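Novice:
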Amino acid sequence: MTIQPAQPASIPVEGMPPIQTTRKRRWWRWAVGIPLLLIGALLVAFAYLPVPEDKPLPLALQGGGARQEGGAINGLQASWPEVAAPDPQQAALGKLLFYDPILSANDDLACASCHQPDLGFSDGKPVSVGAHGDNLRRNAPSLWDVAYATSLFWDGRSKTLEEQMLTPLTNETEMAANPEELVTQLATIPTYQEAFKAAFGDSLTIKNVGSAIAAFERTLITHNSPFDQYAAGDFNALTPAQRRGFNVFRSAQTRCFECHTWPTFSNYTFNVLGVPDTNPLKPDLGQVEIVNGPDSTRAFRTPSLRNVALSAPYMHNGVFSTLDEVVDFYAKGGGPAFGVKVAPDEFLQGFTISDQQKSDLVQFLYALTDEPSDLISIPSAVPSGLPVVQHMDNPARDLVERSTVAPSTAATPHEPQTITVHAGETIQSGVDQAQPGDTVLVEPGVYHETVYVDNPKITIKGIIKGDDRPWLDGNKTLSDGFNTTGDDFTLENFGVRNYIGNGVLTTRTERVVYRNNIIQDTGLYGLYPVESTDVLVEHNVVSGIADAAIYVGQSRGPITVRNNEVFNNVTGIEIENSTNAEVYDNYAHDNSGGILVFLLPNNPSKVGYNTRVYNNRIENNNHANFGKPNSTVSKVPQGTGIMIMTADNTEVFNNSIKGNQSFGVALTSVYTLYTRDTVFDLGALPENNWIHDNTFEHNGYDAQGLVKDLGLSGADLMWTGEGWNNAWDEPTASKFPPLLPGRNWADPAKRMIWHVYDILIRALL
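The numbers in the sequence shown follow my numbering, run straight up by one, and end at 835.
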């Protein structure tokens, strides 16, 4: 046997590393090198991976601004949404089908069975009755002006009338029709054969059945109610009670107009009200059953109020029998007062309303009634020969008729005049005398009233004598100081204080000017132009406001906000869902937040872009946030300098930003407020924003609110990592995250850092 000699131990050679040490170093190189290579490869991949971007929204779908009809004289004459005119032959065929019970499985239910023309194209029942005599789940909505609806059904599951039509037609609990059998039946009737051939070129299909009925429903338009006549300049078309009711409707006291916007009297968005369930053991959760929209649990589509007097009972389940009950529900703040555990929409805060005001408000709703006789006519017979629904008596028609006034003659044009209001008189009396082109001068004094202006081309100017000016004082009982809709409106040299709604509210107006006014403690907003076009707000001083001192919302440019001082408010200046705004030379101090540029969901305007914020002093905005609980503004962190949320193409430059304890400038998205799987009605990502050349001093030293809750430290600049092509060129500012892309960065570098931050932010949020 051969014995192998033992191997000698490794003897180090002078000048050479030990073999084991060399191996360890190799392992360390692999251990460190491979992860570094992987990270490097990942970063390279990130540099070329696409970044999510919002799809551009066509101008016609953006909404916002005054949106007036051609030749309009005020914001009440808003333009109707553009819809294609229905084909006359298709509409005529659709009317026959609408009234023909042949569409149901048992030949006993027509569309008109649940949408009776004498009942406001509803059925007068809390919930409709289906094919088997069983109650359905929801109330039959009115079809008046349904052509303008952007979503259908109470939960918004359909976007077009054609799509919507097939659901009740084929649903087993509703009309229960079999599409193939129905088409076969219709094809045996010569009148329908000829009508389909004329309307669709000899194509009798279930799709064209739906298209024909949709064409008929698009003819159900109401454009000539007493309100429409009033909006067109006949200021006697409404009774005194209806005019008072309209003032209640459009006040910040009730905020009805926020969701029921004229001319359709709906913004077709979804709102959480907390309507009581008819069966609490089987709650109806609304929109969330279809899609996870923002605040979608118990959210339902806002219906139009056109012909609402005719379509009782009300709400998605018909739980309220009268309009008075509906008003009471809103006045009590919605569902919580009725035992429903829900956080209602922030517009629904409850309000105090007198019996007279409630009566006036209901009278105004009567003024939205318009039933063209040709549209409510019922065919004497239908081609199938089956029985047709008959006309019905609707007692509401008598109430509506008693509330109307005879047509009046229009005022004759005159040369512009100056009307002077003296102390002891009312400003409203002067405004009521004024005609387009007139100026109303108001002597110094204290006036306790709300002033409404619907005529165009009216200037209301306070007379200043030394330190004295005219003051509107709401005594903490009145809703708004001024409430205006007339185009070319100017308000100058006033003081407004102690209102519970707004200081000055202007709705859907073109060319509005607020100049040299002092606004103090006026509730929700100080100066509030909304859904307007061409806005100038300058040289005003606003304080003590529970939301925004100066709020320009849902509006279109040119928008100019300059040379104002705002302090001791929740927010100093807010540009929300608006375009082409210039915000400069303002002094925003000692608010919770200095300047906000926001784009928020469920609003008439779906875009917010091209705002420039420059040459402003934004200092010490560390006031405790006293916004209403659950409102969006209540979530603005105390210590906010400038905050951009979801808005696009915002430029922030040459501002002095100092002493704001949470941050100087923050860029974020609505995902800060909602979960990542929320489906929005707008582009949710902030894009193409640029912050540069500002002066920062002592910001972010004690972060508050959302910033603190997320465990973040404050900084001059903050970004939640969302949105493409945002840039910061502020080399000396403190930053979170510590590295922010600049304007001149190459796209691969921007994409790389975006993907890195996206991973980190998703883990955090």
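From the three backbone atoms N, C-alpha and C, an ideal C-beta is built for every residue, glycine too. Given the structure is predicted, the values throughout are model-derived calculations rather than measurements.
Taking just the CA atoms, how far does V458 sit from V607?
Specialist: Taking the straight line joining both Cα atoms gives about 59 Å.
Novice: Let's test the definition: count the other Cβ atoms within 10 Å of the Cβ of K125 and tell me whether it reaches 16, buried, or not, exposed.
Specialist: Answer is exposed; the Cβ neighbour count stays below 16.
Novice: By Cβ distance below 7 Å, which residues in the same chain neighbour M86 in space, the five residues on each side in sequence not counted?
Specialist: In this prediction, M86 scores a pLDDT of 49, lower than 50, which makes its location untrustworthy; no coordinate-derived value is stated.
Novice: What residue ranges within the segment 451-522 form continuous alpha helix (DSSP H) runs of no fewer than 4 residues, ordered along the chain?
Specialist: Within the segment 451-522, the complete alpha helix (DSSP H) runs of at least 4 residues are 466-473, 497-503.
Novice: According to DSSP, which residues form a beta bridge with L737?
Specialist: I714, W789.
Novice: Enumerate in chain order the residues of its own chain whose CB-to-CB distance from E232 is below 6 Å, with the five nearest sequence positions on each side excluded.
Specialist: These residues qualify, in order along the chain: G280, S281, A284.
Novice: So, helix, strand or coil for S443, using DSSP?
Specialist: S443 falls in the helix class under three-state DSSP.
Novice: DSSP has A618 in a bridge; who is on the other side?
Specialist: DSSP, once it has assigned bridges, lists Y595, T641 as partnering A618.
Novice: Using the rule of at least 16 other Cβ atoms within 10 Å of the residue's Cβ for burial, across every protein chain shown, is M235 buried or exposed?
Specialist: With 16 or more Cβ atoms within 10 Å of its Cβ, M235 is classed as buried.
Novice: Going by DSSP, what residue range makes up the alpha helix (DSSP H) through L393?
Specialist: Where L393 is concerned, the enclosing alpha helix (DSSP H) stretches over 393-401.
Novice: Once you ignore the five residues that flank T367 on each side, which residues in its own chain have a CB closer than 6 Å to its CB?
Specialist: So the list reads L355, V358, once near-sequence residues are dropped.
Novice: Check the DSSP bridge columns for F696 and list the partner residues they point to.
Specialist: Paired residue(s): none; F696 is not in a bridge.
Novice: Give me the Cα-Cα distance between W841 and V121, rounded to the nearest whole angstrom.
Specialist: Any question about residue 841 goes unanswered here, given that the chain covers just 71 to 835.
Novice: Sorted by chain position, which residues of the same chain lie with C-beta nearer than 6 Å to S613's C-beta, five sequence neighbours on each side aside?
Specialist: Once the five neighbours on either side are set aside, the close Cβ partners of S613 are Q590, F637, N638.
Novice: Whole angstroms is fine: what's the gap from W824's alpha carbon to E757's?
Specialist: When rounded, the distance between both Cα atoms is 12 Å.
Novice: Assess contact between the segment 692-710 and the segment 760-776, defined as three or more Cβ pairs (one per stretch) separated by less than 8 Å. Is contact present?
Specialist: Result yes; three or more Cβ-Cβ pairs closer than 8 Å.
Novice: Check the DSSP bridge columns for Y436 and list the partner residues they point to.
Specialist: Y436 pairs with nothing; no bridge assigned.
Novice: Measure the alpha-carbon distance for P449 versus Y169 and round it to whole angstroms.
Specialist: Taking the straight line from one Cα to the other gives about 8 Å.
Novice: Go ahead and label L431 buried or exposed: buried means 16 or more other beta carbons lie within 10 angstroms of its beta carbon, across all protein chains shown.
Specialist: So L431 counts as buried.
Novice: Between L173 and the rest of its own chain, which residues show a CB-CB distance below 8 Å, the 5 nearest in sequence each way excluded?
Specialist: Taken in chain order, the residues that qualify are L167, L179, A180, C181, L239, M245, A247, L252, V279.
Novice: Do you know offhand how far R227's Cα is from V640's?
Specialist: Taking the straight line joining both Cα atoms gives about 37 Å.
Novice: Any idea what DSSP makes of G315, helix, strand or coil?
Specialist: Of the three classes helix, strand and coil, the one that applies to G315 here is helix, per DSSP.
Novice: Measure how close the beta-carbons of N464 and L189 come, nearest whole angstrom, since I'm counting them as under 8 Å.
Specialist: Indeed, because the Cβ distance is near 6 Å, the residues count as touching under 8 Å.
Novice: Taking only the alpha-carbon atoms, compute the straight-line gap between P801 and G711 and give it to the nearest angstrom.
Specialist: Approximately 18 Å, taken between the alpha carbons.
Novice: Is the beta carbon of A785 closer than 9 Å to that of S804?
Specialist: Yes, these two residues count as a Cβ contact at 9 Å.
Novice: In its own chain, which residues sit with a C-beta less than 6 Å from the C-beta of R585, not counting the 5 before and 5 after it?
Specialist: Once the five neighbours on either side are set aside, the close Cβ partners of R585 are E562, E608, H609.
Novice: Rounded to the nearest angstrom, what separates N690 and E601 at their Cα positions?
Specialist: Going from the Cα of N690 to the Cα of E601 covers about 31 Å.
Novice: Whose CA, out of S701, N759, G729, R746, lies closest to the CA of G723?
Specialist: Here the sequence assigns Phe to residue 723, which means Gly is not the residue at that position. Per the Cα distances, N759.
Novice: How far does the alpha helix (DSSP H) with T237 in it reach, from first residue to last?
Specialist: Per DSSP, T237 belongs to the alpha helix (DSSP H) from 231-240.
Novice: Any chance the CB of R314 is under 8 Å from a heavy atom of the ligand COA?
Specialist: Absent from the structure shown: the ligand COA. Ligands present: none.
Novice: Let me know the alpha helix (DSSP H) ranges lying completely inside the segment 276-327, each 4 residues or longer, listed in chain order.
Specialist: You should have 276-287, 296-301, 310-319.
Novice: Grouping DSSP H, G and I as helix and E and B as strand, with all else coil, what is S625?
Specialist: Three-state result, S625: coil.
Novice: Looking only at DSSP bridge pairs, what is F723 linked to?
Specialist: Per DSSP, Y684, H762.
Novice: Just how far apart, CA to CA, sit A369 and G565?
Specialist: Distance between the alpha carbons of A369 and G565 is about 40 Å.
Novice: Can the beta-carbon of F750 be found less than 9 Å from the beta-carbon of V740?
Specialist: Contact: yes.
Novice: Assign D188 to one of three DSSP states: helix, strand, or coil.
Specialist: Three-state DSSP puts D188 in a helix.
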